[in-house]
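Enquirer: This is the structure, below, for whatever I ask next.
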Ligand SMILES: Cc1ncc(COP(=O)(O)O)c(C=O)c1O
């Protein structure tokens, strides 16, 4: 699938909206919308004459979604859990990695709440040290993070990109160095997954956590958790639900109708990431959305999307520079992905007023700050084109 076809999967563009806000809440792709509609339409009837048809049909959808996610991560489907959000993944892994009171966990002061919150809560409860890596005008290098680590560091938790500057974190340097030192890396990948290729062999981490409602163009409330097979083999998930396991006999539908079934029977929980799902009746619309939209992204090709967004970013940065606006995102294409952040003169109110004026002109962007750094955040994704960039620039004149 080429980029023009990809764009046509998002009807908002044909309706004249200049949508540049994937880093906030992305558009739902039309194939995902249609598939979820079909599901909803079937829920109001009883298409197969039995009330639990959806478990059979969409249990398969969930398996397929794990397979596509695995392909995009260069991992096995069995290493992937479908979870509610980035936060759900961050908690699933963050609550089970042991940290003793005399040890520490390293975070970035500019990072997102989903990364920091589980560790802040645990540190307050368990007494271990949190080390906050500062930034220079929003930039954090792998060396900054490594310099904060010592022999007592157990975990580093970071996002793949700074959500208020668009600067990529150099995970290719960071991840292998941490692994060598025996420090667990936890990655929040929501702001780059679907735009920047991932290979969990090249960028080893205990876990990757990704919500589906931004760059994956799916619905809110469904995302992915990849768990390193070694971690999954040696750690129990903190939440255990029956559907994440296998019944003692047959399939679940057979077990439920078997007079010998009892809750005292053992359930087998395979020691793999997939078992880290909540394990109650899951969100089928979430899985349907993820499968349809990730299949679309995969058909375009994540490397193609990355090359495209970097070209659009170069065009946007040149236009912003030309207008004398300050750009916080690194100029070098290989240090950025889809997020470009710039500022108009003035403080937070001036940024909000400028973003509101852009929205009036049909250009959708956000204002975001963290730890004093940020501005107007523009998100460029595969479906965007040069005309979107030019429309934003023209709206600033
Ligand atoms: C870096 C980062 N992580 C996570 C999230 C969202 O987290 P969740 O999926 O838990 O809502 C965002 C949303 O803005 C984000 O920017």
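Numbering (the numbering used here), first residue to last: 1 to 397.
By construction, the Cβ of each residue, glycine as well, lies at the ideal position given by its N, Cα and C atoms.
Treat the numbers as computed from the prediction; the structure is a model and nothing was measured.
Does the region 3-21 come within contact of the region 368-385, defined as at least 3 CB pairs closer than 8 Å?
Expert: Judged by Cβ distances under 8 Å, the region 3-21 makes contact with the region 368-385, as three or more pairs qualify.
Enquirer: Per DSSP, what kind of secondary structure is residue 406 in: helix, strand or coil?
Expert: Outside the shown range of the chain, which is 1 to 397, sits residue 406, and nothing can be said about it.
Enquirer: Are the Cβ atoms of residue 300 and residue 91 separated by less than 9 Å?
Expert: No, Cβ-Cβ distance for residue 300 and residue 91 is not below 9 Å.
Enquirer: Compare the C-alpha of residue 283 against each of 191, 58, 45 and name the closest.
Expert: Out of 191, 58, 45, 58 has the C-alpha closest to the C-alpha of residue 283.
Enquirer: Counting beta carbon pairs with one atom in the region 189-200 and one in the region 9-18, are three or more of them shorter than 8 Å?
Expert: The region 9-18, when compared against the region 189-200, does not touch it at the 8 Å Cβ threshold.
Enquirer: Taking DSSP as the reference, what is the three-state secondary structure of residue 140?
Expert: Three-state DSSP puts residue 140 in coil, outside helix and strand.
Enquirer: Taking the DSSP output, what are the residues bridged to residue 188?
Expert: Residue 188 is bridged to 159, 209.
Enquirer: Would the beta-carbon of residue 152 fall within 9 Å of that of residue 103?
Expert: Against a cut-off of 9 Å, the Cβ pair of residue 103 and residue 152 comes out as a contact.
Enquirer: Can you list the beta strand (DSSP E) stretches of 3 or more residues lying completely in the region 60-121, in chain order?
Expert: For the region 60-121, whole beta strand (DSSP E) runs of length 3 or above, ordered along the chain, are 80-83, 104-108.
Enquirer: Below 8 Å, can you find three or more Cβ-Cβ pairs linking the region 107-125 to the region 270-281?
Expert: No, the region 107-125 does not touch the region 270-281.
Enquirer: By Cβ distance below 7 Å, which residues in the same chain neighbour residue 203 in space, the five residues on each side in sequence not counted?
Expert: So the list reads 171, 172, 175, once near-sequence residues are dropped.
Enquirer: Straight-line CA distance for residue 247 to residue 279?
Expert: Between residue 247 and residue 279, the C-alpha separation is close to 12 Å.
Enquirer: So for residue 133, helix, strand or coil by DSSP?
Expert: Strand.
Enquirer: Taking 8 Å as the cut-off, is the CB of residue 190 close to at least one heavy atom of ligand 1?
Expert: Yes; taking the cut-off as 8 Å, the Cβ of residue 190 has a heavy atom of ligand 1 nearer than that.
Enquirer: Drop a sphere of 10 angstroms on the beta-carbon of residue 348, count the other beta-carbons inside from all chains shown, and report buried for 16 or more, exposed for fewer.
Expert: Looking at its Cβ environment, which holds fewer than 16 other Cβ atoms inside 10 Å, residue 348 is exposed.
Enquirer: Looking at C-alpha atoms only, which residue of 159, 393, 222 is the closest neighbour of residue 320?
Expert: Nearest of 159, 393, 222 to residue 320, Cα basis: 393.
Enquirer: With respect to the beta strand (DSSP E) encompassing residue 368, which residues constitute its N-terminal and C-terminal limits?
Expert: Segment 366-370, the beta strand (DSSP E) holding residue 368.
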